[in-house]
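Q: Dropping the structure in here first, questions after.
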Amino acid sequence: MMEPTSSQNDDDQLANSKRTLSRINGLVNEMTMQQIIDKLKQLDVSTNGEDNVLKQRLKGVMREKVYKNSNIKSSKFSTDYYCVIDFEATCEEVNPRKYKHEIIEFPALMVNARTLAVESQFHFYCRPVMNPKLSSFCTKLTGIDQKTIDSADVFKVVFQNFQKWLEDVLGESTFVVVTDGPFDITRFLTIQCKVDKIPMPYWASNWTNLKRTFKAFYKLSGQRFPTLQDMLGALKIPHDGRLHSGIDDAKNIAKILCQLIRDGCQVKPNEILANYS
67 MMEPTSSQND DDQLANSKRT LSRINGLVNE MTMQQIIDKL KQLDVSTNGE DNVLKQRLKG
127 VMREKVYKNS NIKSSKFSTD YYCVIDFEAT CEEVNPRKYK HEIIEFPALM VNARTLAVES
187 QFHFYCRPVM NPKLSSFCTK LTGIDQKTID SADVFKVVFQ NFQKWLEDVL GESTFVVVTD
247 GPFDITRFLT IQCKVDKIPM PYWASNWTNL KRTFKAFYKL SGQRFPTLQD MLGALKIPHD
307 GRLHSGIDDA KNIAKILCQL IRDGCQVKPN EILANYS
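Residues in the sequence shown are numbered consecutively from 67, following our numbering.
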């Protein structure tokens, strides 16, 4: 009789794990919220969050335990770091047609994908050229004043410094950019690179839109994607700092990212920049 091959054993093990997960998910679906909370406490896992968040958290944690016990890797995607970016840009209360936003705040946090620690921070303001004077609406929204902008470097210089920061921090490590929605890349960075005649960086070809990841993982209903405040509220994480401060928003996005990963979410790129070359 032929002995089963290693590949056959792996396939059998994976099939058994999937059947186990199916049973576990069914049991979790039948549990009351108090039972779910009690189980999370037993597993020494956070019980902060709305009901649907806690249910998916328990499923995610149990999935990781099943895979770990079966020596099966639960994720096909892996990266060394996540780079959280949240640009702030020039704006008017009502933007004119074909208005070209210019990036005025460039924050980035480098999050270790394994330890979930923020290992490095990049944060600079940028002096706009086409719209050198900020509107009162923009200053009120972002908290960035004219004096700060007037003393800043132009975007092209800050961008070069950012690329150098990436090289210094990462070395040969891999990373994925994470944003709160699509517009940081598809609108702000795209417009700015065209204005300054800078090639779009390779890391902007695909990235993680955390709103999309969050909605899918926690199975939120409805057509609308959650706002930053919605996501923090669902996880019952307090909002730190000022809304629409780029660096404060980036820190809050990083907290959401880390909780998703702790809850068993596979955070991977889910946006592709059209016509990237």
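Cβ atoms here follow ideal geometry from the backbone N, Cα and C, with glycine treated the same way.
Just verifying my parser: in three-state terms, what is the DSSP assignment at M196?
A: Of the three classes helix, strand and coil, the one that applies to M196 here is coil, per DSSP.
Q: The beta strand (DSSP E) spanning C149 covers which residue range?
A: 147-151 is the span of the beta strand (DSSP E), which, as asked, contains C149.
Q: Give the straight-line distance between the Cα atoms of G126 and T214, rounded to the nearest whole angstrom.
A: Each residue's alpha carbon lies about 44 Å from the other.
Q: Using DSSP bridges, identify the partner residues of V243.
A: Answer by DSSP bridge pairing, in chain order: C149.
Q: Start and end of the beta strand (DSSP E) containing T274?
A: Segment 272-275, the beta strand (DSSP E) holding T274.
Q: So, with DSSP's three-state summary, where would you put V223?
A: Here V223 sits in helix by DSSP.
Q: Give me whichever residues DSSP pairs with E337 in a beta bridge.
A: According to DSSP, E337 bridges with W273.
Q: Note down the Cα distance separating R290 from P198, rounded to an integer number of angstroms.
A: R290 and P198: Cα-Cα distance of roughly 34 Å.
Q: Which residue marks the beginning of the alpha helix (DSSP H) containing E130, and which one marks its end?
A: First-last of the alpha helix (DSSP H) with E130: 117-135.
Q: At the level of alpha carbons, what is the spacing between F249 and D152?
A: If you take the alpha carbons of F249 and D152, they lie about 10 Å apart.
Q: Can you give me the Cβ contacts of Q325 inside the same chain, cut-off strictly under 6 Å, excluding the 5 residues immediately before and after it?
A: Excluding positions up to five away in sequence, the list reads L301.
Q: If D262 sits next to F221, beta carbons under 8 Å apart, how far is it from one beta carbon to the other, in whole angstroms?
A: Right, their Cβ atoms sit about 6 Å apart.
Q: In chain order, what residues of the same chain lie with their CB nearer than 6 Å to the CB of Q187, ignoring the 5 residues before and after it?
A: Counting only Cβ-Cβ distances below 6 Å, and skipping sequence neighbours, we find L175.
Q: Would you kindly report the start and end of the unbroken alpha helix (DSSP H) that includes A174?
A: Not the alpha helix (DSSP H): A174 falls in the beta strand (DSSP E), residues 169-178.
Q: Between which two residues does the alpha helix (DSSP H) carrying K260 extend?
A: Start and end: 256-261.
Q: A179 and Y147 look like a contact to me (Cβ under 8 Å); what is the Cβ gap, rounded to whole Å?
A: Right, their Cβ atoms sit about 6 Å apart.
Q: Between the beta-carbon of F254 and the beta-carbon of A155, is there less than 9 Å?
A: Contact flag set, yes.
Q: Identify, in the order they occur along the chain, each residue of the same chain with its Cβ nearer than 6 Å to the Cβ of S311, setting aside the five sequence neighbours on each side.
A: The residues are G209.
Q: What residues in its chain sit with their C-beta under 7 Å from that of M67, if we drop five residues either side in the sequence?
A: Caution applies to M67, whose pLDDT of 49 falls short of 50 and renders its modelled position unreliable; the value that the coordinates give is listed next. Closer than 7 Å at the Cβ level, and outside the excluded window around M67, lies no residue.
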